[in-house]
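Colleague:
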Ligand code: SF4
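Residue numbers (our numbering): 93 to 305.
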């Protein structure tokens, strides 16, 4: 066991646990976006950052292991500002209209969704290449949950991957093939873990589209 101090509260926790684990055990809420409790944490979104005494930069709590004597602030001004900015940057580049979890965070952190309104939006046509689900990557926040669940975390299909870099970074199939031409078995796990509606069953998509008419 090691001892950590979360917002000055002393907490004993097993070695090899993360700061996020320690916070959860202590009943302290740390917001997450890319993290999913059943998947390997990718540490991508940085929304779960915390301030650790002695560290120059904010650390992602989902992938940072606890060490004995660690002093952690989960809601310092610097942490709050970082989380708010991440939400504002996502709002400027991505369609978050189907992201209820993010809407809650935007409200909680007082994020200004228009702060980066001049940012080039990441817009893509909706991909409808199979009978089961649609891919609307204009709503994708690149959390990579779908890639993980499709690969070694659950399904071992390896149909999805990431392509491009920086602004052109996106989720795709290998060689951008249509899904029926890939190793996809249409298990639906990617749809289940997608937090933003970027992946959606064709039925649900069509019902929503009919309702909007
Ligand atoms: S499609 Fe959904 S699950 Fe996949 S990276 Fe984008 S937001 Fe995440």
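All residues carry an ideal CB built from backbone N, CA and C; glycine is no exception.
Nearest to residue 114 by CA position, among 125, 160, 148, is which residue?
Modeller: Residue 160 is the option with its Cα nearest to residue 114.
Colleague: Measure the beta-carbon distance from residue 139 to residue 178 and round it to whole angstroms, keeping in mind my assumption that it falls under 8 Å.
Modeller: Sure, about 5 Å apart at Cβ, within 8 Å.
Colleague: Taking only heavy atoms of the ligand SF4 into account, decide whether any of them is closer than 7 Å to the Cβ of residue 190.
Modeller: Residue 190: no, Cβ never under 7 Å from the ligand SF4.
Colleague: Tell me the DSSP secondary structure of residue 181 in three-state form.
Modeller: Residue 181 falls in the helix class under three-state DSSP.
Colleague: Determine contact between the region 95–104 and the region 114–132, defined as no fewer than three beta-carbon pairs at a distance below 8 Å.
Modeller: As far as the Cβ criterion goes, the region 95–104 touches the region 114–132, which means the pair count is three or higher.
Colleague: Report yes if the C-beta distance between residue 231 and residue 289 is below 8 Å; otherwise report no.
Modeller: Yes, the pair counts as a contact, with Cβ atoms nearer than the cut-off.
Colleague: Would residue 277 be called buried (16 or more neighbouring beta carbons within 10 Å of its own) or exposed?
Modeller: Under this definition residue 277 is an exposed residue.
Colleague: What first and last residue would you give for the alpha helix (DSSP H) that runs through residue 293?
Modeller: Looking at the DSSP string, residue 293 is not in any alpha helix (DSSP H); the run it does join, the beta strand (DSSP E), is 291–293.
Colleague: Suppose you measure from the CA of residue 125 to the CA of residue 195; what does that come to, to the nearest Å?
Modeller: Cα to Cα, residue 125 sits roughly 12 Å from residue 195.
Colleague: Is the beta carbon of residue 222 sitting closer than 8 Å to the one on residue 252?
Modeller: It is not a contact, given that the beta carbons lie outside the stated cut-off.
Colleague: Determine whether the beta carbon atoms of residue 218 and residue 171 lie at a separation below 8 Å.
Modeller: Cβ distance not < 8 Å, so residue 218 and residue 171 don't count as in contact.
Colleague: Just verifying my parser: in three-state terms, what is the DSSP assignment at residue 166?
Modeller: In this structure, residue 166 counts as coil in the three-state DSSP scheme.
Colleague: What does DSSP give as the partner residue(s) for residue 97 in the beta ladder?
Modeller: According to DSSP, residue 97 bridges with 102, 163.
Colleague: Determine the direct distance from the alpha carbon of residue 158 to that of residue 91, and round the result to whole angstroms.
Modeller: It is not possible to answer for residue 91, since the shown part of the chain is limited to 93 through 305.
Colleague: Is residue 225 helix, strand or coil when you go by DSSP?
Modeller: Strand.
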